[in-house]
Amino acid sequence: MYPSLPMLEQQTSLTELQRTWLTSPVAPIVLLPITAAMQHELATEQLAPGLHKLGVMLPFAPLFEWLLAAYKKPVVATSANLSGSPIIYQNEQAQQHLLQVADVLLYHNRNIVMPQDDSVVSMAAQSQTPVWLRRSRGLAPACSFYTPQRQEPMLATGALMKSSFAIAQDRMAYISQYMGSTESYDAQLMYREGLVHVQQLLHHRPSVIITDKHPAYFSHELAQELAAKHKCPLLLVQHHKAHAAAVLAENNLLHQSEPVLAVVMDGTGLGDDGNSWGGEFFVYHNNCMERVAHWQPFPYLLGDKMAREPRLSLLSALPAGMRHVCKQWFTETEWLLYQKMLQSYKGIQTTAVGRLFDAAACWLLQMPGQQYEGHAAMRLEAMANEYVQANGIPAAFDLTIEDNTLPGSRLLAMLIHAESVGATAPELAARLHSSISQSICQMARHLHVPRVACSGGVFQNSLLIDMLHLHAGNDLQLYFHQQLSPNDENVSFGQLVYADCNIDDVWASALHQVDD
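This is how it looks when you write it as structure tokens:
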């Protein structure tokens, strides 16, 4: 947190949009490229190790103005929460948990009713496309860009990670703030409290509830509970189709006469076929969402453990004849066990592009594990960005579409081969980004659908967005989220849109819960 805009501009150059964000009433955290001046003045390697951007903000409350005016230097500001847990906002909780890390706790005579994290935004450098990474303080629960068609009150409960809920009431839409990962019990409690708070404010009682298809998600379980309580229908919407609906609605593409290709790429989500999706191409036309293409499936070895260990993504995604290159990251016992599992594997497959980024990061960064969600992919983007800044965008690997499938395993094999004949890790990180962005455009041309809308956590990657604009040329038209995050925060809104527009005749498959 910098004391003032002039002090910040002594250490970096800002675009007009970045300056507007920093000084707006929303006052978000803005991710800015780390400059030499920042490296000289700040402990950037400790604040953002291995990354190329730093979160920067200006004082947005009188207390911060007063403190920083007195200190006259930037300070490190962080949310009051333990890693993986929701923000702490009650005095008793602060005394119990924060005195481990804080010397002083400052209270107010007015209690916090509903906490919100800081909103976070980035920008693709060349295209200046805004990328909201977290939509929270200053932005939620308002939603000014969508007017529901249906009169009845609706509730959509969202996804598991980066959760949110969305409400339609009196033909107005409301999307909650970022609610964290509802894998943890504390986050589930905060989600419930946030939902009750907004429902009381709006006098909202849902007549239909929409949720993700995954039966083990907290959002799904809660939706079942509330549908039984309110004796209302429950609609199930596939995770990536909800992403697609969200970006289409935000760009006013739902009621156009021409088809749109929705590209949804992330780390996981239960697919209609029971597998884990995450590299999907949907054609939306005449109120129908059809899955027409995807990235090549590979074994979803050990399930969600794969998301925490990039070594598992590399081992699973590589062609069988190349898996031996991964042996260095496994104990002998693990190696024998995992090889045996893969040889007779008949379990869930995944098409997730997020896992391809993890696999590449494992090899190029020698990074078999990661400290937090997205860690490997963010470091890979930083390495690629450094190469691009110095050398420009490199040529993509030539990937052939077969049966409307893109070959992720072949991409990784080509990357490893290129390194064996002298290519550097930064160059290959950049070529990976270039290859994935070119493949998206290649698929759009192959399908003859020139309008392309992108959603999913992979599109938090600013470099990938810039490369997409380059490869799109003049014959493809690209659409991205403008006010919502591309990550799972937008899933609840997409679910709401699915029900509101009755996409794929979703109302025909409504479930009716019975209160025991």
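Position in the sequence shown (first residue = 1) + 233 = the numbering used here. All C-beta atoms, glycine included, are put in the ideal place defined by N, C-alpha and C.
Do Thr-638 and Ala-526 come within 8 Å of each other at the CB atom, strictly closer than that value? Within the sequence shown, numbered from 1, the residue matching residue 526 stands at position 293. Within the sequence shown, numbered from 1, the residue matching residue 638 stands at position 405. Taking 8 Å as the Cβ cut-off, Ala-526 and Thr-638 qualify as a contacting pair.
Could you check what DSSP says for Ser-409 in three-state terms: helix, strand or coil? Taking the first residue of the sequence shown as 1, we reach residue 409 at position 176. Here Ser-409 sits in coil by DSSP.
To which residues of the same chain is Pro-381 closer than 6 Å at the C-beta, ignoring the five residues directly before and after it? As a first step, residue 381 must be located in the sequence shown, where it is residue number 148. Closer than 6 Å at the Cβ level, and outside the excluded window around Pro-381, lie Ala-401, Arg-404, Ala-406 and Asp-733.
With a 10 Å radius around its C-beta and 16 neighbouring C-beta atoms as the bar for buried, classify Gln-328 as buried or exposed. Mapped onto the sequence shown, residue 328 falls at position 95. In this structure Gln-328 is exposed. Its beta-carbon is surrounded by fewer than 16 other beta-carbon atoms within 10 angstroms.
Beta carbon of His-714 nearer than 8 Å to that of Trp-365: For the purposes of this step, residue 714 is identified with residue 481 of the sequence shown, where counting begins at 1. For the purposes of this step, residue 365 is identified with residue 132 of the sequence shown, where counting begins at 1. Yes, they are a contact pair.
Short CB-CB distance (under 8 Å) between Pro-381 and chain C: In the structure shown, chain C cannot be found, because there is only a single protein chain.
So, is Leu-287 buried or exposed, given that buried needs 16 or more other C-beta atoms within 10 angstroms? Here residue 287 corresponds to residue number 54 of the sequence shown, with the count starting at 1. Buried.
Within 10 Å of its beta-carbon, does Pro-659 have 16 or more other beta-carbons around it, so buried, or fewer, so exposed? Residue mapping note: residue 659 aligns to position 426 of the sequence shown, counting from 1. Classification of Pro-659: buried, given that the 10 Å Cβ count is 16 or more.
Continuous beta strand (DSSP E) stretch holding Thr-444: start and end: The residue labelled residue 444 in the question sits at position 211 within the sequence shown. Looking at the DSSP string, the run of the beta strand (DSSP E) that includes Thr-444 is 441 to 445.
Along the chain, where does the alpha helix (DSSP H) containing Gly-727 start, and where does it finish? Position 494 of the sequence shown, counted from the first residue, corresponds to residue 727. Run containing Gly-727: 724 to 734, per the alpha helix (DSSP H) assignment.
Write down the C-beta distance between Ala-477 and Phe-726 rounded to the nearest angstrom, noting that I regard them as a contact closer than 8 Å. Taking the first residue of the sequence shown as 1, we reach residue 477 at position 244. Taking the first residue of the sequence shown as 1, we reach residue 726 at position 493. Ala-477 to Phe-726, Cβ: 12 Å. No contact.
Report yes or no: do the segment 486 to 498 and the segment 455 to 468 share at least 3 C-beta pairs separated by less than 8 Å? Not touching, per the Cβ criterion.
Thr-657 burial status per 10 Å Cβ neighbour count (16 or more: buried): Taking the first residue of the sequence shown as position 1, residue 657 is located at position 424. Answer is exposed; the Cβ neighbour count stays below 16.
List in chain order: all unbroken beta strand (DSSP E) runs of 3+ residues lying wholly within the segment 274 to 352. Counting whole runs of 3 or more residues, the segment 274 to 352 contains the beta strand (DSSP E) stretches 286 to 289.
Rounding to the nearest angstrom, what Cα-Cα distance links Arg-612 and Asn-618 in this structure? Sequence index remark: in the sequence shown, residue 612 carries index 379 (1-based). Sequence index remark: in the sequence shown, residue 618 carries index 385 (1-based). Computed Cα separation, rounded: 10 Å.
From this set, Trp-299, His-472, Pro-492 and Gln-349, which residue's C-alpha is nearest Tyr-322's C-alpha? As a working mapping, residue 322 is identified with position 89 in the sequence shown. Nearest Cα to Tyr-322 within the set Trp-299, His-472, Pro-492 and Gln-349: Gln-349.
For His-681, which three-state DSSP category applies? Locating residue 681 in the sequence shown gives position 448, where the first residue counts as 1. If DSSP states are grouped into helix, strand and coil, His-681 belongs with coil.
Locate the beta strand (DSSP E) running through Tyr-379, then write down its first and last residues. The count along the sequence shown starts at 1 and reaches residue 379 at position 146. Premise fails: Tyr-379 is in no beta strand (DSSP E) and is neither H nor E.
Would you call Cys-521 buried or exposed, if buried means 16 or more other Cβ atoms sit within 10 Å of its Cβ? As a position in the sequence shown, residue 521 is number 288, starting the count at 1. By the Cβ neighbour-count rule, Cys-521 is exposed, with fewer than 16 other Cβ atoms within 10 Å of its own.
Strand pairing of Leu-703, partner residues [DSSP]: Taking the sequence shown and counting its residues from 1, one reaches residue 703 at position 470. Answer is none; Leu-703 lacks a bridge partner.
What runs of the alpha helix (DSSP H), each 4 residues or longer, lie entirely inside the segment 642 to 691? Counting only unbroken stretches of 4 or more residues, the alpha helix (DSSP H) elements lying wholly within the segment 642 to 691 are 658 to 680, in sequence order.
Is Tyr-517 closer than 8 Å to Ala-482 when the C-beta atoms are compared? The sequence position of residue 482 within the sequence shown is 249, counting from 1. The sequence position of residue 517 within the sequence shown is 284, counting from 1. No, these two residues do not count as a Cβ contact at 8 Å.
Could you check if Ser-312 belongs to the surroundings of the ligand FMN, using beta carbon to heavy atom distance under 7 Å? The ligand FMN is absent from the structure shown, which contains no ligand whatsoever.
Beta-bridge partners of Trp-528, as assigned by DSSP: Taking the first residue of the sequence shown as position 1, residue 528 is located at position 295. Per DSSP, the beta bridge partners of Trp-528 are Leu-639.
Delimiting residues of the alpha helix (DSSP H) encompassing His-463: One-based indexing of the sequence shown puts residue 463 at position 230. Run containing His-463: 451 to 463, per the alpha helix (DSSP H) assignment.
Rounded to whole angstroms, what is the Cα-Cα separation between Tyr-411 and Gly-371? The count along the sequence shown starts at 1 and reaches residue 411 at position 178. The count along the sequence shown starts at 1 and reaches residue 371 at position 138. If you take the alpha carbons of Tyr-411 and Gly-371, they lie about 12 Å apart.
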